[in-house]
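Accompanying notes for the structure given below.
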Ligand SMILES: [Zn+2]
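Residue numbers (the UniProt record's numbering): 1 to 413.
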């Protein structure tokens, strides 16, 4: 009998989201996002690039947070190219890294266009095999191996690629719809074939160039689940990602939980807490400095707004007339208090009195002046680093993990 698989979420905001043109995220905000994703029950966060110098302190600090018990369950995973040199460098820079995803192009168009005769198909498979094997030897607990441009790669080649990665000790295969060219029916059939042929967990990594990132992600997941193996969907918060973006985290969860066809067929990891949607979407919007569109599923300003006569009347009688899910399901409904009178803040140019006042309102007192001055200095630097008012959670995090924050803020060119 085939045992049914489950759908797990791997959020790639801190890798695909941040590498996107013209949008930026400070390392402190990346850390807060990792913490929120953990609180939300997301299985894994792709936290960044362990081979990139300016990421190293931030990544090591987050791995330290794992040891300190700041994370409940989430895997913190680094992205690197599927070549032994990158794997070696990743472990040299971040010796405590336990989870990696290793990527290489697999389509003929990219092999020809990018490597221009320097690599054949056999080199690609062999390089990935060696990289996965080395990562395991160097201490990785889980390794995903990514086929970049999988959508434009023949299935026979992908099967060969998956079986090689499986033999090397890999744990998941990432199917990258790098150009966003898939449609739900085609991807369902392709993924179902791959899952049946290999009996191996598949990650869906889909881009939104045709406006179907979530649709193709859940269709692919269904193809995996129906073959009896686990599926992993790559998401980003608010869909931030290369070009038109990636599959949006909240929309993907909503599709799995509330669409008529999928809620029975694709069981979602039971740790996922949709009530965190509002908090994480608002924070990402603030930290990235990008407003949430008014019509964004679940978290847009109009997601539960009704005005036209028939709709307003219907929803007032019974919200189920015009709402598929309720504001409470996505963590909305609480009024947000906005101070309209006198306000004291702390930050880049703050002094000790204002600083102590702000923290006392958060319920945090300091043992002595020395400790307070030490945290104040970090708050000044953190604010210099984020260039926008620090949130309550950021202030609490700085006071709770001062040494970790110092490491995150240290970037030496
Ligand atoms: Zn991508």
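Idealized CB from N, CA, C, for every residue including glycine.
Return the chain-ordered list of same chain residues with a C-beta closer than 6 Å to the C-beta of residue i, the five sequence neighbours on each side being excluded.
{"i": "residue 225", "result": "5, 231 and 266"}
{"i": "residue 58", "result": "27 and 408"}
{"i": "residue 1", "result": "Because residue 1 carries a pLDDT of 39, less than 50, the predicted location of this residue cannot be relied on, and no value is offered for it."}
{"i": "residue 178", "result": "148 and 149"}
{"i": "residue 142", "result": "99 and 171"}
{"i": "residue 196", "result": "227"}
{"i": "residue 247", "result": "206, 213, 214, 217 and 235"}
{"i": "residue 187", "result": "216, 219 and 220"}
{"i": "residue 245", "result": "208 and 239"}
{"i": "residue 113", "result": "none"}
{"i": "residue 255", "result": "214 and 218"}
{"i": "residue 251", "result": "214 and 297"}
In whole angstroms, what separates the C-alpha of residue i from that of residue j?
{"i": "residue 168", "j": "residue 41", "result": "29 Å"}
{"i": "residue 115", "j": "residue 305", "result": "51 Å"}
{"i": "residue 121", "j": "residue 185", "result": "28 Å"}
{"i": "residue 411", "j": "residue 54", "result": "6 Å"}
{"i": "residue 223", "j": "residue 294", "result": "32 Å"}
{"i": "residue 162", "j": "residue 155", "result": "10 Å"}
{"i": "residue 124", "j": "residue 370", "result": "56 Å"}
{"i": "residue 72", "j": "residue 35", "result": "9 Å"}
{"i": "residue 303", "j": "residue 296", "result": "7 Å"}
{"i": "residue 47", "j": "residue 66", "result": "13 Å"}
{"i": "residue 405", "j": "residue 89", "result": "24 Å"}
{"i": "residue 289", "j": "residue 153", "result": "36 Å"}
{"i": "residue 277", "j": "residue 70", "result": "20 Å"}
{"i": "residue 108", "j": "residue 50", "result": "28 Å"}
{"i": "residue 160", "j": "residue 128", "result": "12 Å"}
{"i": "residue 364", "j": "residue 209", "result": "46 Å"}
{"i": "residue 285", "j": "residue 242", "result": "16 Å"}
{"i": "residue 384", "j": "residue 377", "result": "11 Å"}
{"i": "residue 374", "j": "residue 358", "result": "15 Å"}
{"i": "residue 32", "j": "residue 310", "result": "42 Å"}
{"i": "residue 323", "j": "residue 205", "result": "29 Å"}
{"i": "residue 118", "j": "residue 14", "result": "31 Å"}
{"i": "residue 416", "j": "residue 360", "result": "Residue coverage of the chain in this structure runs from 1 to 413, which leaves residue 416 outside it and unanswerable."}
{"i": "residue 333", "j": "residue 258", "result": "19 Å"}
{"i": "residue 392", "j": "residue 198", "result": "47 Å"}
{"i": "residue 307", "j": "residue 145", "result": "49 Å"}
{"i": "residue 190", "j": "residue 280", "result": "33 Å"}
{"i": "residue 97", "j": "residue 386", "result": "26 Å"}
{"i": "residue 165", "j": "residue 17", "result": "26 Å"}
{"i": "residue 233", "j": "residue 367", "result": "45 Å"}
{"i": "residue 180", "j": "residue 139", "result": "34 Å"}
{"i": "residue 79", "j": "residue 260", "result": "35 Å"}
{"i": "residue 130", "j": "residue 84", "result": "6 Å"}
{"i": "residue 326", "j": "residue 110", "result": "45 Å"}
{"i": "residue 331", "j": "residue 342", "result": "29 Å"}
{"i": "residue 175", "j": "residue 87", "result": "20 Å"}
{"i": "residue 104", "j": "residue 157", "result": "13 Å"}
{"i": "residue 95", "j": "residue 249", "result": "30 Å"}
{"i": "residue 401", "j": "residue 22", "result": "30 Å"}
{"i": "residue 61", "j": "residue 68", "result": "10 Å"}
{"i": "residue 388", "j": "residue 337", "result": "19 Å"}
{"i": "residue 329", "j": "residue 317", "result": "19 Å"}
Going by DSSP, which residues form a beta bridge with residue i?
{"i": "residue 99", "result": "77 and 142"}
{"i": "residue 7", "result": "231 and 268"}
{"i": "residue 48", "result": "78"}
{"i": "residue 203", "result": "174 and 232"}
{"i": "residue 246", "result": "207"}
Among the residues of its own chain, which have a CB less than 8 Å from the CB of residue i, if the five just before and after it don't count?
{"i": "residue 379", "result": "346, 347, 350, 355, 390, 395 and 398"}
{"i": "residue 272", "result": "9, 40, 41, 42 and 253"}
{"i": "residue 229", "result": "5, 195, 199, 200, 201 and 202"}
{"i": "residue 74", "result": "34, 37, 38, 42, 43, 44 and 45"}
{"i": "residue 352", "result": "369, 372, 373 and 376"}
{"i": "residue 403", "result": "none"}
Give me, in chain order, the residues of the same chain whose beta-carbon lies closer than 7 Å to that of residue i; leave out the 5 immediate sequence neighbours on both sides.
{"i": "residue 136", "result": "143 and 169"}
{"i": "residue 321", "result": "314 and 315"}
{"i": "residue 133", "result": "168 and 169"}
{"i": "residue 101", "result": "46, 77, 79, 144, 146 and 174"}
{"i": "residue 20", "result": "240, 241 and 242"}
Is any beta-carbon of chain D found at less than 8 Å from that of residue i?
{"i": "residue 53", "result": "In the structure shown, chain D does not exist; there is a single protein chain."}
Complete alpha helix (DSSP H) runs within the stretch 100 to 187 (minimum length 4 residues, chain order): 121 to 137 and 155 to 167, all fully within the stretch 100 to 187.
Within the stretch 322 to 348, note down every full alpha helix (DSSP H) run reaching 4 residues or more, in order along the chain. none
As an exercise, report each continuous alpha helix (DSSP H) stretch of at least 4 residues that is fully enclosed by the stretch 253 to 321, in chain order. With a minimum length of 4 residues, the continuous alpha helix (DSSP H) runs that stay inside the stretch 253 to 321 are 262 to 265, 277 to 288 and 309 to 317.
At 4 residues or longer, what runs of the alpha helix (DSSP H) sit wholly inside the stretch 384 to 411? 392 to 400 and 402 to 409
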